[in-house]
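Quick mapping for you: the protein sequence lines, in order, are chains A and B.
Going by the numbering used here, the first residue of the first sequence is number 1, and it counts up by one from there.
Going by the numbering used here, the first residue of the second sequence is number 1001, and it counts up by one from there.
Below is one structure, written out as structure tokens, with a few remarks after it.
Protein chains: 2
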Amino acid sequence: MKTRGIIALSYQMEIRTKKDGDEKGLWNILQPVVRAGDTYALPRDWSRDDALRYWCAPGHQVWVAEENERIIGSYFLQANQLGGGDHVANAGFATHPEATGRGVATALCTHALSLATSLGFRAMQFNFVVSTNERAVALWKKFGFRIAGTLPKAFRHPTRGFVDVYVMYREL
Amino acid sequence: MKTRGIIALSYQMEIRTKKDGDEKGLWNILQPVVRAGDTYALPRDWSRDDALRYWCAPGHQVWVAEENERIIGSYFLQANQLGGGDHVANAGFATHPEATGRGVATALCTHALSLATSLGFRAMQFNFVVSTNERAVALWKKFGFRIAGTLPKAFRHPTRGFVDVYVMYREL
């Protein structure tokens, strides 16, 4: 039993920058997010190219979490605004459905906060956290983000109708 | 005296969609905004092309206020998010420095709220209202916008340093 436990905990996850050839692995993660349409404000009928163009947009630093040569999570980091607002970072996170509950998002967020700090950002802002995405809200709170504002009924949830959205913010 | 008063109040302002040839007039409005860098989070060294590309971005409906064949103000309207968030509008406003205090912004905002409503938007959101821009904050409040959230020190004001930013929101 003990050995099995050790084996179960010993998986290797590497977080590295996105490279050419990662597109298929990224789409495997993004497709369920886009199709579900319950956490990101993105068109549910987006193609693979649409989703990759969004995730890997100019100005985005894209990182992936890889395990046994399989991408199980990803995040992008960018400045949330230009000019006098470019000291606040923004990031987006996604985890492969089969890899949830294993700390992937925690590892990615830890990495993103550290990277943002090292790049000189002074704060991180999430512009659009759907209030019904309780898992994400709880995780961001654990990381020190607080709800800076609530946007009433700003999201049309595919099953729950109009729901509130949070702007979440954390100084670095 | 009375006659002069009547003359002073009788200026004609027309609000119409942006057309080819408006670029010079638009830049006359945007240049002071960009160069001052105290209200919009835009690079202060932006060129005319940068500014026009931003203001007239794909997805933006651009309107101008014209008086005696001179553009004295402009706004753009867009969906603030995609997918499940595309029922909330976003807009940006600018007035020619020589035309401030004459109700141009009021006329443009009245027009924008009416247009957004007619297009089926359910709310309007301003993502980045610099708190020191008291004139704008007061005007948006008069129009029924409330501060949905405060982003601490999210803007580097060119003379006041790090200042707060408001997210403002109004249902339509």
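Heads up, the beta-carbon is just placed ideally off N, CA and C, and yes, glycines get one too.
Check this for me: beta carbons of residue i and residue j, under 7 Å apart or not?
i: A:A65; j: A:V129; result: no
i: B:A1091; j: B:Y1075; result: yes
i: B:G1073; j: B:L1108; result: yes
i: A:A89; j: A:A116; result: yes
i: A:R122; j: A:L172; result: yes
i: A:V167; j: A:F155; result: no
i: A:W63; j: A:T17; result: yes
i: A:P181; j: A:G37; result: There is simply no residue 181 of chain A to check, as chain A begins at 1 and stops at 172 in what is shown.
i: B:T1132; j: B:R1102; result: no
Residues in its own chain within less than 8 Å of residue i by CB, not counting five upstream and five downstream?
i: A:G5; result: The pLDDT assigned to A:G5 is 44, lower than 50, so where the model puts this residue is not dependable; a value taken from the coordinates is nonetheless given after this. Counting only Cβ-Cβ distances below 8 Å, and skipping sequence neighbours, we find nothing.
i: A:R146; result: M168, Y169 and R170
i: A:N28; result: I71 and H96
i: B:F1078; result: Here residue 1078 of chain B is Gln; the residue named in the question, Phe, does not match the sequence. Result list for B:Q1078: A1057, G1059, H1060, Q1061, A1089, N1090 and A1091, in chain order.
i: B:I1015; result: W1063, V1064, A1065, E1066, A1107, L1108 and H1111
Excluding the 5 residues preceding and the 5 following residue i in the sequence, name in chain order all residues of the same chain whose CB lies nearer than 7 Å to its CB.
i: B:M1001; result: Low local confidence applies: a pLDDT of 41 at B:M1001 is under 50, so the model's placement there is unreliable, with the coordinate-based value given in what follows. Around B:M1001: no qualifying Cβ.
i: A:E23; result: L52
i: B:Q1081; result: V1088
i: B:D1086; result: A1079
i: B:V1033; result: T1039, Y1040 and A1094
i: B:L1030; result: A1051, W1055 and A1094
Identify, in the order they occur along the chain, each residue of the same chain with its Cβ nearer than 6 Å to the Cβ of residue i, setting aside the five sequence neighbours on each side.
i: A:D179; result: As displayed, chain A neither begins before 1 nor continues past 172, which places residue 179 of chain A out of reach and without an answer.
i: A:G25; result: I71
i: B:W1046; result: V1034
If you run the structure through DSSP and keep just helix, strand and coil, what is residue i?
i: A:Y54; result: helix
i: A:R135; result: helix
i: A:H111; result: helix
i: A:T100; result: coil
i: B:T1106; result: helix
i: A:T95; result: strand
i: A:T150; result: strand
i: B:T1003; result: In this prediction, B:T1003 has a pLDDT of 44, which is less than 50 and means its spatial position is unreliable; what the coordinates show is noted afterwards. If DSSP states are grouped into helix, strand and coil, B:T1003 belongs with the helices.
For residue i and residue j, which I take to be in contact (beta-carbon distance under 8 Å), what is that distance rounded to the nearest angstrom?
i: A:G84; j: B:A1138; result: The Cβ separation is near 21 Å, so there is no contact.
i: B:R1170; j: B:M1124; result: 5 Å
i: A:F143; j: A:L119; result: That pair is no contact at about 17 Å.
i: A:F35; j: A:R48; result: Correcting the residue type first, residue 35 of chain A is Arg in the shown sequence and not Phe. With 8 Å as the limit, A:R35 and A:R48 do not qualify as a contact, their Cβ atoms being about 11 Å apart.
i: A:W140; j: A:F126; result: 7 Å
Is residue i close to chain E? Criterion is C-beta to C-beta, closer than 7 Å.
i: B:R1048; result: In the structure shown, chain E cannot be found, because the protein chains are A and B.
Closer than 6 Å: is that where the CB of residue i sits relative to any heavy atom of the ligand MN?
i: B:L1030; result: The model on display carries no ligand, and the ligand MN is accordingly not part of it.
Query raised in the report: Quick one: complete beta strand (DSSP E) runs, 3+ long, within the segment 1006–1092 of chain B?
Result: 1014–1017, 1061–1067 and 1070–1079
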